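Report on one structure; see the data block that follows.
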Amino acid sequence: MQVSARPSPTAGPAAARPAEPLLPGPRRSGRAAAREAGLPRIDEPREVAPADAREMSKVFFARLRELPEGTAERQYVRNTLIEMNASLVQYAVRRFRGRADGAAGDVDDLVQVGTIGLIKAIDRFDPARENEFATLAMPYITGEIKRHFRDTAWAVHVPRRLQELRIDIAKAKEELTVRLDRSPTVRDLAAYLDLTEEQVIEGLVAANGHTSGSLDAPHAEHGDGPAEGHTLAEVLGEEEPALELVEDIQTLAPLLERLSDRERDMLRMRFGEELTQAQIGAALGISQMQVSRLLTRLLAHLRTSMLADHDAGPGRHAH
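Taking the working numbering, the leading residue of the sequence shown gets 1, the next gets one more, and so forth.
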């Protein structure tokens, strides 16, 4: 590390090398910015030892609060603070390596989002409180990394379009909740995002795939209750009364296809249109007695065939 409080006019090119700005701002010589900020020029901030970085950061933070926004001097101080404390990001990333896929790109993503947390901490740190900067910075850094996992890790695979839509909807909810002073409706979200209500509903439904829970996990309830000591599978949902009806319809459908047109018409008029036997007879040109006998015989045939199909079991058909 090379630190010079007042660089000599004859200093070499390395000492005069401009600091690369991390954020947009005036392009000024880092050497000149350091001199005008009244601080030493640090050529390699990332190589400063952690103990030295802590002490020097105190000086830089005190000066940062005195410099006006948008000046090259403030940019130099802020960028140097980011570089000097980059080791905090690396430390935090090591804790989350196991949750990344292991590829270099994944780790680089964690470093980038962690650096965002570091920048937020630098912008919000108040040296007057006399707290250690790392105490404030680590929650910001780890918070950004956790948010990254929350927004990118999905328990169930959904298309990228729906993943991005979920994030847009979440941001819109936050913005509209502040604007409207209430939770936004689907119509509010659709108007704000310039989407249809169906698209918003699709995004809300897709958000359910972001997390998952084990059906074998204990059911958590406050206090003692009937679900105490049971798994989620045992208390989630209930017996569906229409389930058997669905099975019956699936069994009945091929049997109806084998009937004649007049037999299907008779069933449609009796059970679909709920006509009386006399009305059915008038429509078909037969007597009410004939309709009664035909319906009795037809329903008995269907009932017997359905029971035979059930007794045959899966993969077999009774003839």
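The beta carbon of each residue, even a glycine, is placed where N, CA and C say it ideally should be. These numbers were taken from a predicted model, which means no experiment stands behind them.
Which residue comes first and which comes last in the alpha helix (DSSP H) that contains residue i?
i, result
"N85", "Note, N85: premise wrong, no alpha helix (DSSP H); not H, not E."
"T115", "104 to 124"
"M56", "50 to 64"
"G203", "197 to 206"
"M266", "261 to 267"
"D188", "186 to 193"
"G281", "277 to 284"
Assign residue i to buried or exposed, taking buried as 16 or more other Cβ atoms, counted over all protein chains shown, within 10 Å of its Cβ.
i, result
"S183", "exposed"
"A62", "exposed"
"A128", "exposed"
"S292", "exposed"
"L67", "buried"
"A172", "buried"
"R95", "exposed"
"S260", "exposed"
"P139", "exposed"
"R27", "For R27, the predicted model reports a pLDDT of 39, less than 50, meaning its position is unreliable and no value from the coordinates is stated."
"A137", "buried"
"A190", "buried"
"A253", "exposed"
"M266", "buried"
Considering only C-alpha positions, which residue in the set the options is nearest to residue i?
i, options, result
"G38", "E73, P68, D52", "E73"
"D248", "M269, T142, R303", "R303"
"L88", "R124, E55, A134", "A134"
"Q90", "R179, L255, Q279, V113", "V113"
"N85", "V93, A191, P50", "P50"
"E132", "S57, D106, M289", "S57"
"E144", "V48, V93, E164, D126", "V93"
Hey, residue i and residue j are a contact pair by Cβ (cut 8 Å); roughly how many whole angstroms apart?
i, j, result
"H148", "D194", "Not quite, the Cβ-Cβ distance comes to about 27 Å (not below 8 Å), so this is no contact."
"D188", "L176", "6 Å"
"G203", "R166", "5 Å"
"V322", "V205", "Any answer about residue 322 is impossible in this case: the structure gives the chain only from 1 up to 319."
"R270", "I280", "6 Å"
"M306", "L255", "7 Å"
"A278", "Q288", "5 Å"
"R46", "E83", "5 Å"
Meets three-Cβ-pair contact criterion under 8 Å: the stretch 106 to 125 and the stretch 76 to 84
Three or more Cβ pairs closer than 8 Å define a contact, and the stretch 106 to 125 meets that threshold against the stretch 76 to 84.
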